[in-house]
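In the working numbering, the protein residues as written are 133 to 721.
Built from N, CA and C at the ideal position, the CB exists for glycine as well.
Computed from a prediction, not measured in an experiment: that's the story for all the values here.
Notes follow the structure.
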């Protein structure tokens, strides 16, 4: 998803599962962050494999007249006797297992179903819950941009249980079928392929089936008097837009990045994983929500922005619109098809979507636009880090909405960018495809990603992941250089002055002399690296990370040699420069 920076929301208390940190190296670099570990919901006694959700709405979409959710469940333990469903405050009319009425208990946020007979490990059965009412969250009953009644699912991170009884954790993936009965004037879109529509005098019943497992927060419907627009070019999958009537004229241009994103990601990662893709302008508290095959954007998506905003030269729309559309489409592969195992692994969703949106910008608008995109990402992370120094892999934060931060988005994107620089395009993208192929329609954690990149590159990446994912901070370089006319040697002294341990990234350095430019690469093994280079003539300039492949801040000084040896020196402050990431000097911004 993309964050909406105007949003001020307090989440409901999440259910939780605990996940161990991976390996002693990780523990060593993150010991200072250890506190009360967040607990997460364990899938240890039962798991859902399929949902069948039927909803009947009133005429103005203000309440659910009747609802029935059937959940196909597999027992994961011997003598299973209780199904502890996540469920909100909607009144429950009945619970059955098979066709037998079954006792249940209501607790805050929980519906405990007490099985009449224990169930053995591996057995499957169906729990059916009937209920009604007006959800307090998750399914948003509202008015659209034109003032027409609308109902739109908005579930992240764990709010689907306010309208569908479920196991409300992203790793509890399942298939879903929706049967939605609404006034005849309304259109319905949901996850998966559209099936039959049954008409009556005043209502229509719409059916959608998602045949591959998706995370529960992605299970949504959208109901309203939409304008339905089908782009003429269907390059990758069936693509359709559902927008309020006031937005129908701009929808084709506003969603211009959709088809190129689908084509690029399908070619770069793997074929598109779902039966169709619907882009919906509806109700969401986020800048966009990546629901599998049914992405929802806020009603303000196409509104004019105050002030100036960079424009995409390729699409002729604002860059922010290209970014958010590409970001949410990238989630179809990363977040939806390959879903984070725990909330600590959220960067595998948000960092990936952020970086792949940048890659789409690089492909369509060019290298300069991409560099600006990555520079902006870096600055957001630097600003965040000044007040919050936490690792990307964060097992502590209880408020899940606070995980929607520049660590998981912008720093996560930069981790991928740095891996691409370290491994090279061939090994990097081969690693991406290996990771996706191994975990498609399933879940993954950070160590699964590391294993994929190690397989593709035949390199040990433990230290890289320990520093960048499980540790905090970023490299703050101080590079001093000195030239000896007598020996024709350039001596580079690189120090990492951040509080955290040294980062292992190879660091490119450009050296400019009268004879041209020379690229050297320093490979730190600690917080200080010293290396000398023989040159034909005295350097006129030394630049750290000229192509911006490391998430760093750098300070460069020249030291004047006052004797024939490299021993007696004094600093020349006129040669001091600062670089804050993606281009030149931080103090010039």
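Counting along the chain, the unbroken beta strand (DSSP E) around residue 338 starts and ends at 335-346. The residues 376, 378, 431, in chain order, have a CB closer than 6 Å to that of residue 277 in the same chain once the five nearest residues on each side in sequence are set aside. The Cβ-Cβ distance between residue 251 and residue 212 falls below 8 Å. About 5 Å separates the beta carbons of residue 372 and residue 410, which is inside the 8 Å limit, making them a contact pair. Straight through space, the alpha carbons of residue 608 and residue 685 are spaced by roughly 5 Å. Annotation: residue 512 to residue 524 spans about 14 Å, alpha carbon to alpha carbon. Inside the region 396-475, DSSP marks whole alpha helix (DSSP H) runs of 4 or more residues at positions 451-462, from first to last along the chain. In the three-state scheme derived from DSSP, where H, G and I count as helix and E and B as strand, residue 593 is classed as coil. If you check the CB distance, residue 306 and residue 364 do not come in under 8 Å. For residue 361, the pairing in a beta bridge is given by DSSP as 373. A Cβ-Cβ separation of about 15 Å leaves residue 427 out of contact with residue 454 under the 8 Å criterion. Between the region 650-658 and the region 618-638, the count of C-beta pairs closer than 8 Å reaches three or more; the two stretches touch.
Contact annotation: the region 557-574 does not touch the region 598-613, with fewer than three C-beta pairs closer than 8 Å. Look at the beta carbons and you see the region 261-274 touching the region 285-297: at least three pairs across the two are nearer than 8 Å. For residue 274, the beta-bridge partners assigned by DSSP are 282.
Per the Cβ contact rule, the region 348-357 is in contact with the region 416-427 (3 or more Cβ pairs under 8 Å).
For residue 218, the enclosing beta strand (DSSP E) covers residues 212-218. Going by DSSP, residue 615 is part of the beta strand (DSSP E) stretching over 608-616. Judged by DSSP secondary structure, residue 526 falls outside any alpha helix (DSSP H); it is assigned neither H nor E. Sixteen is the threshold: when 16 or more other Cβ atoms of the shown chains lie within 10 Å of the Cβ of residue 383, as they do, the residue is buried. Looking only at 640, 667, 434, the smallest Cα-Cα distance to residue 618 is reached by 667. Classified as exposed, residue 647 has fewer than 16 neighbouring CB atoms from the shown chains inside 10 Å of its CB.
Residue 640 is bridged by DSSP to 653. DSSP, read as helix, strand or coil, puts residue 295 in coil. In this chain, residue 243 is not harboured by any alpha helix (DSSP H); it is covered by the beta strand (DSSP E) spanning 242-251. The continuous alpha helix (DSSP H) containing residue 549 extends over residues 544-555.
Within the same chain, and ignoring the five residues on either side of residue 242 in sequence, the residues whose Cβ sits closer than 8 Å to its Cβ are 216, 217, 218, 219.
Distances from the CA of residue 298 to each of 653, 456, 347 were compared; the closest alpha carbon is that of 347. Residues of the same chain with a CB within less than 6 Å of the CB of residue 433, apart from the 5 flanking positions on each side, are 413 in chain order. By the Cβ neighbour-count rule, residue 284 is buried, with 16 or more other Cβ atoms within 10 Å of its own.
For residue 258, the enclosing beta strand (DSSP E) covers residues 256-265. Here DSSP, grouped into helix, strand and coil, assigns residue 602 to coil. If you draw a 10 Å sphere on the C-beta of residue 232, you find fewer than 16 other C-beta atoms in it, and that means exposed.
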